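Q: Residues 10 to 390 in this note's numbering are what the sequence shown spells out, letter by letter.
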Amino acid sequence: MRIAMPDTVVTPVESAAMHRALALAARGPSHGPNPQVGCVLLDPAGRVLGEGWHAGAGTAHAEVAALRDARGRGSDVRGGTAVVTLEPCNHTGRTGPCAVALADAGVARVVYAVPDPSTRASGGAAHLRSRGVDAVGGHLRSDGERLLRVWLHAIRSGRPFVTLKIASSLDGRVAAADGTSRWITSGEARAHAHLQRGDVDAIAIGSGTMLADDPSLTSRTRSGSLGGHQPLRVVVGYTDVPPGSRLHGPGGELVSLRTHDIDHVMAALAAREVRHLLVEGGPTLATAFLRSGVVDEVHAYVAPVLLGAGPANVLDLGIGTMSGAVRLSVQRVLPLGPDVLLVATPSSADVTAPTSRTDSSAGTASSAATASSSTVQQEEN
Numbered sequence: 010m011r012i013a014m015p016d017t018v019v020t021p022v023e024s025a026a027m028h029r030a031l032a033l034a035a036r037g038p039s040h041g042p043n044p045q046v047g048c049v050l051l052d053p054a055g056r057v058l059g060e061g062w063h064a065g066a067g068t069a070h071a072e073v074a075a076l077r078d079a080r081g082r083g084s085d086v087r088g089g090t091a092v093v094t095l096e097p098c099n100h101t102g103r104t105g106p107c108a109v110a111l112a113d114a115g116v117a118r119v120v121y122a123v124p125d126p127s128t129r130a131s132g133g134a135a136h137l138r139s140r141g142v143d144a145v146g147g148h149l150r151s152d153g154e155r156l157l158r159v160w161l162h163a164i165r166s167g168r169p170f171v172t173l174k175i176a177s178s179l180d181g182r183v184a185a186a187d188g189t190s191r192w193i194t195s196g197e198a199r200a201h202a203h204l205q206r207g208d209v210d211a212i213a214i215g216s217g218t219m220l221a222d223d224p225s226l227t228s229r230t231r232s233g234s235l236g237g238h239q240p241l242r243v244v245v246g247y248t249d250v251p252p253g254s255r256l257h258g259p260g261g262e263l264v265s266l267r268t269h270d271i272d273h274v275m276a277a278l279a280a281r282e283v284r285h286l287l288v289e290g291g292p293t294l295a296t297a298f299l300r301s302g303v304v305d306e307v308h309a310y311v312a313p314v315l316l317g318a319g320p321a322n323v324l325d326l327g328i329g330t331m332s333g334a335v336r337l338s339v340q341r342v343l344p345l346g347p348d349v350l351l352v353a354t355p356s357s358a359d360v361t362a363p364t365s366r367t368d369s370s371a372g373t374a375s376s377a378a379t380a381s382s383s384t385v386q387q388e389e390n
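(1) Should H257 go down as buried or exposed, given a rule of 16 or more other Cβ atoms within 10 Å for buried?
(2) Got a sec? Which residues, its chain only, sit under 8 Å from G146 by beta carbon, not counting five neighbours each side?
(3) Return yes when the Cβ of G65 is within less than 9 Å of the Cβ of D78, no when it is not.
(4) Which of helix, strand or coil does DSSP assign to C107?
(5) Buried or exposed for E23, please, with buried defined as at least 16 other CB atoms from any protein chain shown within 10 angstroms of its CB.
(6) Please report the straight-line C-alpha distance between H162 and R168, rounded to a whole angstrom.
(7) Exposed or buried, what is G141 when buried is set at 16 or more other beta-carbons lying within 10 Å of its beta-carbon?
(8) Quick one: Cα of A334 to Cα of A71, how far?
(9) Any heavy atom of the ligand ATP closer than 8 Å to the CB of P126?
(10) Taking 8 Å as the cut-off, does the region 290-302 touch the region 211-223 (at least 3 CB pairs, one atom from each stretch)?
(11) Are D210 and L286 close, meaning C-beta to C-beta below 9 Å?
(12) With DSSP as the reference, label S369 as helix, strand or coil.
(13) Identify the residues that DSSP records as bridge partners of W62: which are they?
(14) Could you name the residues of the same chain whose beta carbon sits closer than 7 Å to that of V323, not counting the 5 residues immediately before and after it, in chain order?
(15) Can you tell me which of A184, P344, Y247, L204 puts its alpha carbon nearest to the alpha carbon of D222?
(16) Using 8 Å for Cβ pairs, my map puts P240 next to S228. What's the rounded Cβ distance?
(17) What are the boundary residues of the alpha helix (DSSP H) that P292 is part of?
(18) Can we say the region 270-279 touches the region 183-201, given the rule of at least three CB pairs closer than 8 Å?
(19) Leaving out five residues before and five after S338 in sequence, what residues of the same chain have Cβ atoms less than 8 Å from its Cβ?
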């Protein structure tokens, strides 16, 4: 029996193998320039010959890892089927083209979930067909795109996927009236934020937050030790990082972007192959990203605390009436000790376009900007 799907026909065994390939893909790192990919090799009878996943930039791609696994098992893949979550690549970068590797190995059929949108790496299916390999795509595509949403966004848009992190009181304050901010959120919330840092390629703060909070912007494990992956630490603004700053300590590479132009920030980070950017503050930088229309997801850590005064988590967005409000769609709610994390996504139509480049810059003039130069919860201890 075959299962009819848009643009492809697969067997139940191949469908089960695709589910397995997706699970394998998720073992790879969610950060880095390359996508998470999994591959399962089947013989003509549907038995598993080998499987693999991509473990990060510079390592074997999933298809090559699966071929190596098959060889290690003593399996002959000739005439078999490769089930892979992303269309096999057709270019030589840090590693060779996977489409060529599969064809050279004698694989007769390839089933993949997501077409590769990259102009540099796409064309694998066409190459396979030119070599006489049956290549069909689109099976469980939505599942594959869900796994690859950050990477796909970065490749299709040419800029990093932007997650804006906000940590505030129930009434939206990031500090008390006297400027104190440690701690509004709980240890559980701060620990979770540290783990989230380990999933991104870069963290950005404004120079005001750098001076006021002296964060280290590191990713830490639940035990408090440095995580295995440390993202780039990006400071946006014209102020130099002081010699004694914690940003010079252990952690990811320090990058100073001497600009207030968010488009320039995006271009500079895209050139570094940053796929996922976490914007942590302060409110001036958060507002600049919102006004530029580049925020793709909001992580709002909310503590059941009322302050009544103090700087707000977001400044003037240029919205004068309720009809212009930026409305978000809540995707997930996660309790963290006494606090709660809201994960929400804005509609692109709901994000106010900047009225001028000054309005969308990280240096937006605002009567509240000075008062809010210190952002809470860079989650440092």
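Here a beta-carbon is modelled for each residue, glycine too, at the ideal position from N, C-alpha and C. Because the structure is a prediction, the values reported are computed rather than measured.
A: Short version:
(1) That one is exposed.
(2) D16, T17, E96, V120, Y121, A122, V123, P124, A134
(3) With respect to the 9 Å criterion, D78 and G65 are not classified as neighbours on the basis of their beta carbons.
(4) helix
(5) E23 comes out buried.
(6) H162 and R168 have their alpha carbons spaced roughly 8 Å apart.
(7) exposed
(8) Spanning the two alpha carbons is a distance of roughly 44 Å.
(9) Although the ligand ATP was asked about, the structure shown includes no ligands whatsoever.
(10) yes
(11) yes
(12) Because S369 carries a pLDDT of 40, less than 50, the predicted location of this residue cannot be relied on, and the following value inherits that uncertainty. S369: coil per DSSP, three-state reduction.
(13) In DSSP, W62 forms a bridge with G47.
(14) P292, A295, T296, L299
(15) A184
(16) 7 Å
(17) 292-301
(18) no
(19) Excluding its 5 nearest sequence neighbours in each direction, S338 has C-beta neighbours in its own chain below 8 Å: A353, T354, P355, S356, listed in chain order.
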